[in-house]
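Down below is the structure, laid out as structure tokens.
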Amino acid sequence: MKSQVLIIGGGISGLSTAWWLAQQGISVEIWESGSRPGGKIRSHSEAGYLTEDAAALLVNFRPQVDQIISGLGLEEHRQQRDERLSRYIVHHDRLTPVPMLLPALLTSSLWSLPAKLRLMAEPFIPKGAHTGETVSEFIRRRLGQEVLDTAMDAFVSGTLASDPDLAEAQSVLPRLTTLEQRYGSLTMGMFVNKVIKRRRANNADTFSFDNGMEQLIQALVQTPGIQLRTNARALRIQQLKQGWQVQGKIGGLPADLQVPQLILSTPADISSQLLEETDTTLSGLLAGIEYAPVGVVHLGLNSNHIQHKLDGTGFLVAKHNSLPVNGNLWMSSLFPHRAPPGKALLSSYIGGMRHPDQLQQDDETLAGAVLDSLRPLMKIEGDADFIRIRRHSRGLPLYHGQYRARLAQIATCLQALPGLQLNANYIGGVSVRERIYQGKCTAQAVTGNLKQSNSISHPQQILTPSH
């Protein structure tokens, strides 16, 4: 069957979009320039340890994620995080539990009494009309400086590799900014949402899979109706009267394909290069998106060499602690079979806007610095018996500056390019959850376009893989 849609880029964005399209009976071809799909998502098994090169878990509150996992037959392979596990922040060189309930917040040593009083006053802070606020400006205005310095800085720097002084609040914290606009208060908004979630039974959960996050990628690839081509590099795209022409190389041989609908699920700089001949304005907007280098250092140690109970998910680090890590996940506490019996797997995240040059260090230097920073926090003795380090020089896009305005300009350019869609992690969020959600949004747009152009003459049966 001739492909109706070509997706350039076989990461989670491209694969999830293809899955949603396949459910509508739409034939999809994916060109992935590498030798394997999944982008940066890769699970690696070695010496009894199961490590992740990038995303280590999925935090979900969207029904679309549940739908795709159910459709792929992965429900029985989910590994749920124990919700009783604590979350920690490094505060004054100590691991301090993050309070998740109001009574714990009032007794927590994370914040001073004035900071706690400021937090309790949040419902009385007037709603702002500050579009374009940075994360720092938004959190400081609503919750105070201490919460910004201790908690929110750690979250933005540790999980997004970003800088709260530069990151746009509406782009990085859309749920919080929406709560303020809708309810006038974060506290009131969270309370209302909690009541709604109880009624709908769709509370957030955190999970991975038996064989790691790559199991999701492997299941997506097996979807009927999707043709994946690896070692397939797009070199030139051209707009036609109806549809798009893509020229490139597959396995080193010239390739030429014409399709009604084209989706670019490549990093912003790659998409920029492909669009130079088509729209210089759009190409320039994409070229201006910054990326942060990120890396992960996996250390395997004897459990009896760690005095800390490892009774949590791990920890984040506020910048005033000056540690060489942005955060650390205790993978062997989070999920089963991540380390051999009697061992612990600690995964530390490095680089980002805090330490942009860190990835240039050699493995021995990096591993030594990370382990030395963990020793006093977790009372570690001895050395690691397993080390694995992964680097991503262009790891995560940074939603810095007037980012929503940039995306609006990109959307305006796309209106003049019918049949072209952009779907990658520089639009709509970097998490696996948001990539799946944005994949559905993109698929809906493409399906609508195909129906309008009569490319779909008859409704086709929804396809689901059998497992």
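Heads up: the sequence shown at position 321 corresponds to 321 in the UniProt record's numbering, and the numbers run straight through without jumps. Backbone N, C-alpha and C fix where the C-beta goes; we use that ideal spot for every residue, glycine too.
Local Cβ density within 10 Å of residue i, reported as buried at 16 or more and exposed below that
i	result
Leu-253	exposed
Lys-241	exposed
Met-100	exposed
Leu-119	buried
Asn-304	exposed
Pro-37	buried
Thr-107	exposed
Ala-161	buried
Lys-379	exposed
Ser-43	buried
Lys-451	exposed
Limits of the alpha helix (DSSP H) - the one that residue i falls within
i	result
Phe-315	Per DSSP, Phe-315 belongs to no alpha helix (DSSP H); it is in the beta strand (DSSP E), 312-317.
Ser-332	331-334
Gly-368	363-378
Ile-350	Taken as a continuous stretch (DSSP letters only), Ile-350 belongs to no alpha helix (DSSP H), being part of the beta strand (DSSP E) at 343-351.
Gln-181	174-183
Leu-119	113-120
Given residue i as reference, the closest of the options once Cα atoms are compared
i	options	result
Ile-89	Ala-255, Ser-27, Asn-321, Gly-295	Asn-321
Phe-335	Tyr-49, Leu-143, Leu-374	Tyr-49
Gln-80	Thr-51, Thr-206, Ala-443	Thr-206
Gln-415	Ser-13, Arg-390, Ala-445	Ala-445
Pro-356	Ser-393, Arg-233, Ile-139	Ser-393
Leu-179	Pro-123, Val-317, Ala-204, Ala-234	Pro-123
Ile-184	Leu-450, Glu-137, Lys-127, His-44	Checking the sequence, you will find Gly at residue 184 rather than Ile. Gly-184 has its Cα closest to that of Lys-127, out of Leu-450, Glu-137, Lys-127, His-44.
Ile-26	Gln-261, His-77, Lys-379, Ser-112	Gln-261
Leu-329	Ala-367, Val-297, Gly-189, Arg-433	Val-297
Tyr-399	Ile-306, Leu-286, Val-325, Asn-302	Leu-286
Leu-58	Lys-309, Leu-346, Met-213	Met-213
Gly-288	Ala-443, Tyr-426, Ile-436	Tyr-426
Pro-324	Gly-342, Gly-352, Ile-270	Gly-352
Glu-381	Asp-372, Ile-387, Arg-388	Asp-372
residue 533	Leu-176, Ile-350, Leu-74, Thr-187	Absent from the model: residue 533. The displayed extent of the chain is 1 to 467, so no value can be given.
Pro-418	Asp-279, Arg-406, Ile-389	Asp-279
Residue i in three-state terms, based on DSSP
i	result
Asn-302	strand
Gly-11	coil
Ala-154	helix
residue 484	The chain is shown only over 1 to 467; residue 484 falls outside these bounds and no answer can be derived.
Arg-354	coil
Ala-167	strand
Gly-448	helix
His-400	strand
Thr-159	helix
Asn-321	helix
residue 473	Nothing about residue 473 can be reported from this structure: the residues present for the chain run from 1 to 467 only.
Gln-360	helix
Thr-134	strand
Where the beta strand (DSSP E) through residue i begins and ends
i	result
Val-430	Element bounds for Val-430: n/a, residue is neither H nor E.
residue 499	The displayed coordinates of the chain run from 1 to 467. Any statement about residue 499 would go beyond what the structure contains.
Ile-389	386-397
Pro-97	94-97
Leu-420	420-422
Neighbour flag for residue i against chain B, beta carbons, 7 Å
i	result
Gly-395	Looking for chain B here will not work: only one protein chain is present.
Checklist entry - Going along the chain, which unbroken runs of the beta strand (DSSP E) with 3 or more residues stay wholly within the segment 22-72? => result Secondary structure within the segment 22-72: the beta strand (DSSP E) runs of 3 or more consecutive residues, fully enclosed, are 28-31, 43-46, 49-52, 58-60 (chain order).
Next on the checklist: Could you tell me which whole beta strand (DSSP E) segments of length 3 or greater appear in the segment 214-293?
Outcome noted: List check, beta strand (DSSP E) in window: 226-229, 232-239, 244-250, 253-259, 261-264.
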